[in-house]
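Working notes, beginning with the structure itself.
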Amino acid sequence: MELIILPDAATASRSAADHLAALLIKKPTAVLGLATGSTPVALYRELIKKQRTEGLDFSGCSSFNLDEYVGLGPDHPASYRRFMQENLFAEINLPLSRVHIPDGLAKDLPAHCDAYEKSIRDAGGIDLQILGIGSDGHIGFNEPTSSLGSRTRLKTLTERTRADNARFFPNPEDVPHHVITMGIGTILEARSISLLAFGASKAAAIAAMVEGPITAMVPASILQTHPAVKVFLDDAAATEPSKIDYYRNVFAQKPSWQQW
Ligand code: GLP
-15 MELIILPDAA TASRSAADHL AALLIKKPTA VLGLATGSTP VALYRELIKK
35 QRTEGLDFSG CSSFNLDEYV GLGPDHPASY RRFMQENLFA EINLPLSRVH
85 IPDGLAKDLP AHCDAYEKSI RDAGGIDLQI LGIGSDGHIG FNEPTSSLGS
135 RTRLKTLTER TRADNARFFP NPEDVPHHVI TMGIGTILEA RSISLLAFGA
185 SKAAAIAAMV EGPITAMVPA SILQTHPAVK VFLDDAAATE PSKIDYYRNV
235 FAQKPSWQQW
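Mapping to my numbering: the sequence shown position 236 is 220, numbers consecutive.
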């Protein structure tokens, strides 16, 4: 894992956007894995800005989102489909025909999850997966104790995650109990991963992910086994790992030939 620790969320989001843009320029048909939550919003704003000011072109891309709430349709204000439309898709030239988000209203959920896996394979696999992290170390909606080899499937949310996400709903009890999420095995097949985390509320999860044992109790810890993970942090999310000075030094000493 490469830790990129920058003073604030805005600077770290710009850095993550530069990394994604470099991939798109190298591979205009890149398959992007996208995430929701508050964390990637600044990254998406940067990408929109790059399209407007630098002509960053998404017209050849495809995208796959990590997850969706079961029971919420695309027009529900808290659905991830609506979130993506408002925060990114409405503002960039990524063709909606190549946008994929699990369907929270699917009648046959297991069949839908299998089909989602197949469409990722048919697209050639994900080139870059964007991730946030839950305060309990979950990625996508793979809650603690999720199988580290899991595929896209139905999951039941923990009460902690429901409480964390209650701010997006009128009432805390409106947060669905069930979700569809890419599995941990699915996420690990992405060729590269950028995980973003900002703020003190993520510091413990980040330390457990980077330095803790690999355990289903901290699903993000499995990322230690992936060969190409960049972790974009602000100072507040990077207070707990014991080797923090080393990670900062690695980044500061990064050879100039070692590009994105
Ligand atoms: C949800 C999403 C995750 C996201 C997490 C943290 O659980 N399914 O993909 O990483 O929330 O969200 P936030 O960035 O708002 O802290």
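All C-beta atoms, glycine included, are put in the ideal place defined by N, C-alpha and C.
Bear in mind the structure is a predicted one, so any value in this text is a computation, not a measurement.
Can you list, in chain order, the residues of its chain whose CB lies under 6 angstroms from that of Ser(-3), leaving out five sequence neighbours each side? Your numbering for residue -3 matches position 13 in the sequence shown. Closer than 6 angstroms at Cβ, skipping near neighbours: Ala26, Leu27, Glu30.
Would the C-beta of Ala95 count as close to ligand 1, meaning under 7 angstroms from any of its heavy atoms? By one-based count along the sequence shown, residue 95 stands at place 111. Every heavy atom of ligand 1 is 7 angstroms or more from the Cβ of Ala95, so no.
Close beta carbons around Ala184, own chain, < 6 angstroms, minus the five adjacent residues each side: In the sequence shown, the residue the question calls residue 184 occupies position 200. For Ala184, where only same-chain residues beyond five positions count, the Cβ hits under 6 angstroms are Ala220.
From this set, Gly55, Thr129, Ala191, which residue's C-alpha is nearest Ile168's C-alpha? Taking the sequence shown and counting its residues from 1, the one referred to as residue 168 is at position 184. Residue Thr129 is the option with its Cα nearest to Ile168.
Just to confirm, is the Cβ distance from Ser46 to Arg105 under 8 angstroms? For the purposes of this step, residue 46 is identified with residue 62 of the sequence shown, where counting begins at 1. For the purposes of this step, residue 105 is identified with residue 121 of the sequence shown, where counting begins at 1. In this structure, Arg105 does not lie closer than 8 angstroms to Ser46 by Cβ.
Evaluate contact between the region 150 to 160 and the region 231 to 241, counting only Cβ atoms and requiring at least three cross-stretch pairs below 8 angstroms. no
Shorter than 7 angstroms, the distance from the beta carbon of Thr136 to the closest heavy atom of ligand 1, or not? Taking the sequence shown and counting its residues from 1, the one referred to as residue 136 is at position 152. It does not: the Cβ of Thr136 is nowhere closer than 7 angstroms to a heavy atom of ligand 1.
Do Leu172 and His210 have their beta-carbon atoms positioned less than 8 angstroms apart in this structure? Stepping through the sequence shown from its first residue, residue 210 is reached at position 226. Stepping through the sequence shown from its first residue, residue 172 is reached at position 188. Yes, they are a contact pair.
Which residue from Asp218, Lys102, Cys97, Thr37 puts its Cα closest to that of Val54? Position 70 of the sequence shown, counted from the first residue, corresponds to residue 54. When only C-alpha atoms are compared, the closest one is Cys97.
From Asp218 to Ala(-6), what distance separates their C-alpha atoms? Locating residue 218 in the sequence shown gives position 234, where the first residue counts as 1. Locating residue -6 in the sequence shown gives position 10, where the first residue counts as 1. One C-alpha to the other measures close to 9 angstroms.
DSSP state of Ser178 mapped onto helix, strand, coil: Here residue 178 refers to the residue found at position 194 when the sequence shown is read from its first residue. Residue state, collapsed to three classes: strand.
Kindly indicate which three-state DSSP category Thr223 falls into: helix, strand or coil? In the sequence shown, residue 223 corresponds to position 239, counting from 1. In the structure shown, Thr223 sits in coil (DSSP, three-state: anything other than H, G, I, E or B).
So does the region 120 to 135 actually touch the region 195 to 203, counting three or more Cβ pairs closer than 8 angstroms? yes
CB-CB under 8 angstroms to Asp148, same chain, minus the five flanking residues each way: which ones, in chain order? Sequence index remark: in the sequence shown, residue 148 carries index 164 (1-based). Only Gly118, Ser119 meet the Cβ criterion.
Between the CA atoms of Met(-15) and Pro86 - distance to the nearest angstrom: What you label residue 86 is simply residue 102 of the sequence shown in a count that begins at 1. What you label residue -15 is simply residue 1 of the sequence shown in a count that begins at 1. Roughly 28 angstroms separates the two Cα atoms.
Please determine whether the Cβ atom of Asn49 lies at a distance below 7 angstroms from any heavy atom of ligand 2. Absent from the structure shown: ligand 2. Ligands present: ligand 1.
Mind checking whether the beta-carbon of Ile117 lies closer than 7 angstroms to any heavy atom of ligand 1? Reading the sequence shown from its first residue, position 133 is the one you call residue 117. Under cutoff, so the answer is yes.
Tell me whether Gly133 is buried or exposed, calling it buried when 16 or more other Cβ atoms sit within 10 Å of its Cβ. For the purposes of this step, residue 133 is taken as residue 149 along the sequence shown, with counting starting at 1. When all chains shown are included, Gly133 counts as exposed.
Segment limits, alpha helix (DSSP H) that includes Arg65: Taking the sequence shown and counting its residues from 1, one reaches residue 65 at position 81. Run containing Arg65: 64 to 71, per the alpha helix (DSSP H) assignment.
Taking 8 angstroms as the CB-CB cut-off, is Thr37 touching chain D? In the structure shown, chain D does not exist; there is a single protein chain.
Same chain, Cβ closer than 6 angstroms to Thr142, five either side skipped, listed in chain order: One-based indexing of the sequence shown puts residue 142 at position 158. Glu127, listed in sequence order.
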